[in-house]
Amino acid sequence: MTRIAIIGGGPGGYEAALVAARLGAEVTIVDRDGIGGAAVLTDCVPSKTLIATADVMTAFEDAPELGVRVGEDAAHCVTGVDLARVNARVKALAAKQSEDIAEGLAKAGVTVVRGSGRLADGGAIVEVTMRGGAEQSTVERVAADAVIIATGARPRELPSARPDGERILTWTQLYDLDELPEDLIVVGSGVTGAEFAGAYQALGSQVTLVSSRDRVLPGEDEDAARVLEEVFQRRGMRVLSRSRATSAVRDGDRVTVTLEDGRTVQGTHCLMAVGSLPNTEELGLEAVGVQTTRSGHIVVDRVSRTTAAGVYAAGDCTGVLPLASVAAMQGRIAVYHALGEAVWPINLKRVSSNIFTAPEIATVGRTTFNAESDDPKFDVVKLPLDTNPRAKMLGFHDGFVKLYSRPGSGTILGGVIVSPRASELIHPVSMAVDLHLTVDQVASVFTVYPSLSGSIAEAARRLHKDEE
Ligand SMILES: Cc1cc2nc3c(=O)[nH]c(=O)nc-3n(C[C@H](O)[C@H](O)[C@H](O)COP(=O)(O)OP(=O)(O)OC[C@H]3O[C@@H](n4cnc5c(N)ncnc54)[C@H](O)[C@@H]3O)c2cc1C
C-alpha cells in the first residue's frame, strides 16, 4: 500500500487526502491550525458568509424602484446589522464546516495528526511537532512514499502598519469585531480589498478604499473593474486611486493612514489587504531539494511535482493561482500522479473564478487581459445587462455578459459576467470553454425566457453574426 503524507489540511490537502484514501492509499494528514485550512476558517467561507448578509442589505437598494414601500429611503426599512451576531454566525458556520470535513476524512480512513509538519530524511519522513497545553512538545515521525505540501499562505503585513487585531486588522481578524466599524479604511484594491470594501459599505460602514493603482481590481477585466468602481462610488464609497499607503498608525479609537505623497486618511478602523505570503519557511525544503521562488512559493509543474522526487505541492504555497478550487485540483492531480493513475495536467485557461462584490464578477478562460499577451486573435461581444428582459424586471442595471470566441472556428475561448449571482451564471460558459463548444452550439441551446442566462445565448448568436 502506498503511504501518502500531506502537510496542510486546507482544500489542497484535504481533497488530496480524500482522493488518495478512495484509491486505497494509507493517508496521514498533518495540520497545524484546523482542518479546512484558511479557506474554511479565515478566508473563503467566513468572507462569503459575511457577504451573504451584505447581499441582503444591498437587495433593499432597489426596493423603491420595484414598488416596495420602504419609508423615505431604503435605509429606513432595515435598521442596520448586528455585527456581533453576524460574526457569531460566520464563526459557527466555519467551525461546523471544518468539523464536517474532519468527519469526512475520518470516515474515509485518513489519519489526522494535529501539529506542525516539516520534511526530513530527504523527504521520506514528515516530522510532526505537537504542542499540548503546558506539556513539552513531542515529535512524531510519519514515513511516506510520497509527500504533498499544501501549507497555504497568510496575510502580508507591513512593518509600518502592524495589525493590532482591534483597529488595524488583517482579514483574518475581522470576525472578532463586535461593532460595525464606523469609518473603515481598506488598504488594497485587489479581490480581497474590493470584496470587503463592498461588503462593509453594504453593512453600513463609511468606506474609503485606498488603491495604489489606477483603478480597483488591477489585473482583472477592465470593463468589469470600471463597472464596480462606478457602483462603489455611486453608493458613497471614497475610492483613492494611485494612492500607495505607507503606514497605518492607531491613536486611541482613530487610525491614520499615510499615503506616499504625504496625504493622510483618517478612520476608526483599517483593514490591510495587501496580499499574502506563502507558509513555506519552516518546512525544511532546501535540505530535501525543493526549489522555491524569490517570493518563497514552491516551484511545481502542471502535475504538482516539486523539484524533489516524491514531493508534491498544491495550493497557495505554490502561487499558481490563489483559489480554493485550484488548490483542490492541484492536490488531486498530485495524488493521481503519485499513485500512477491517469493524470490531466492542470489547465489554468479553464479555471472559473468569481469576485463576490455586488454585482459579482465571474470570469473563465481567456479574456481581454490575457488574450492580448497570449492569443491576440479573438472576437468579442459585450451585452449590457440592462438589455436583458429578466434583468429589467429584477431591476438589475449594472453589469454585462461578455464572450470571446476564436475567429473562423467560432470556438468559445472565455467569458466575463458582471451581474448579481454571476458565480452561478458563469457555469455554462465554463462548460463551453472546457468542451470547446462553438458559438453556434451555445446559441442553439434553449434558455428559459425570461432569464439572465438568455444573454449568454444571445452573445453567442451575435458572435456568429460578427463572423459573417
Ligand atoms: C479573504 C479571502 C477570501 C477568499 N475567497 C475565496 C473564494 O471565495 N473562492 C476561492 O476559490 N478562493 C478564495 N480565496 C482563496 C483561498 O482561500 C485559497 O486559495 C485557499 O485557502 C488555498 O488552499 P490551501 O489548501 O492551499 O491552503 P489553506 O487553506 O491556507 O490551508 C493550509 C493549511 O495548512 C496548515 N499549515 C501551514 N503550515 C503548516 C505546517 N508546517 N504543518 C502543518 N500544517 C500547516 C495551515 O494551518 C492550514 O490549515 C480567498 C482568500 C482570501 C484571503
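Position 383 of the sequence shown, counted from 1, bears residue number 384 in this note's numbering, the numbering being contiguous throughout. Ideal Cβ positions, reconstructed from N, Cα and C, are used throughout, including at glycine. This one's a predicted model, so the numbers in the text were calculated from it and none came from an experiment.
DSSP beta-bridge partners of residue i
i: H270; result: L185
i: I356; result: I362
i: K383; result: K403
i: G416; result: V365 and L404
i: D252; result: R255
i: Y313; result: I149 and R306
i: P279; result: A154
i: T130; result: S117 and V140
i: I30; result: I7 and V113
i: A246; result: L260
i: T209; result: I186 and R239
i: I169; result: C271
i: T293; result: I299
i: T439; result: T412
i: T388; result: T388 pairs with nothing; no bridge assigned.
i: T265; result: T259
8 Å contact criterion, which residue i and residue j should meet: CB distance rounded
i: F401; j: L384; result: 6 Å
i: A144; j: A125; result: 7 Å
i: V187; j: A274; result: 6 Å
i: I149; j: I7; result: 5 Å
i: A198; j: F233; result: 7 Å
i: V217; j: E196; result: With a Cβ gap of about 11 Å, V217 and E196 do not count as contacting.
i: Q267; j: M238; result: So it is not a contact: roughly 16 Å between Cβ atoms.
i: A249; j: V256; result: 6 Å
i: G320; j: R157; result: Actually they are not in contact, since the Cβ atoms of G320 and R157 sit about 13 Å apart, beyond 8 Å.
i: A151; j: G13; result: 3 Å
i: M58; j: L178; result: With a Cβ gap of about 17 Å, M58 and L178 do not count as contacting.
i: A121; j: G285; result: 6 Å
i: L36; j: S99; result: The sequence shown places Ile at residue 36, not Leu. So it is a contact: roughly 5 Å between Cβ atoms.
i: I362; j: V430; result: The Cβ separation is near 13 Å, so there is no contact.
i: S410; j: T364; result: Contact flag wrong, Cβ pair sits at about 22 Å.
i: T209; j: L241; result: 7 Å
i: V91; j: T50; result: 5 Å
i: L19; j: L159; result: Going by Cβ atoms, the distance from L19 to L159 rounds to 37 Å, so no, they are not a contact pair.
i: E128; j: G118; result: 7 Å
Residue i burial status per 10 Å Cβ neighbour count (16 or more: buried)
i: V140; result: exposed
i: F447; result: exposed
i: L185; result: buried
i: M2; result: exposed
i: P390; result: exposed
i: G11; result: buried
i: H437; result: exposed
i: A93; result: exposed
i: P451; result: exposed
i: D252; result: exposed
i: G25; result: exposed
i: S445; result: exposed
i: L349; result: exposed
i: S138; result: exposed
i: G38; result: buried
i: R235; result: exposed
i: E469; result: With a pLDDT of only 47 at E469, under the threshold of 50, the placement of this residue in the model should not be trusted; the figure read from the coordinates follows. The residue is exposed, with fewer than 16 neighbouring Cβ atoms inside 10 Å.
i: A85; result: exposed
i: R33; result: buried
Any C-beta of chain D under 8 Å from that of residue i
i: T130; result: Among the protein chains of the structure shown there is no chain D, as only one such chain exists.
Within 8 Å, strictly: CB atoms of residue i and residue j
i: G116; j: V289; result: no
i: C318; j: I347; result: no
i: D435; j: G311; result: no
i: E315; j: G332; result: Residue 315 is actually Ala in this sequence, not Glu. Yes.
i: Y15; j: I30; result: yes
i: R351; j: F379; result: no
i: R462; j: G415; result: no
i: L404; j: A460; result: yes
i: V111; j: A22; result: yes
i: V344; j: V381; result: no
i: E183; j: T80; result: no
i: R243; j: D215; result: yes
i: I413; j: E221; result: no
Ligand 3 heavy atom lying under 7 Å from the CB of residue i
i: E158; result: The model depicted lacks ligand 3 and carries ligand 1 instead.
(request) Check whether the segment 62-70 touches the segment 45-54, counting contact only when three or more Cβ pairs, one atom from each stretch, lie closer than 8 Å. (result) No, they do not touch.
(request) May I ask you to verify whether the segment 383-399 touches the segment 423-443, counting CB pairs closer than 8 Å and requiring at least 3? (result) Cβ pair count under 8 Å is below three, so no.
(message) With a threshold of 8 Å, are at least 3 pairs of Cβ atoms found where one atom belongs to the segment 292-310 and the other to the segment 160-175?
(response) In short, these stretches do not touch, since the Cβ pair count stays below three.
(message) Would the segment 279-287 count as touching the segment 258-265 if we require 3 or more Cβ pairs under 8 Å?
(response) Under the three-pair Cβ rule at 8 Å, the segment 279-287 does not count as touching the segment 258-265.
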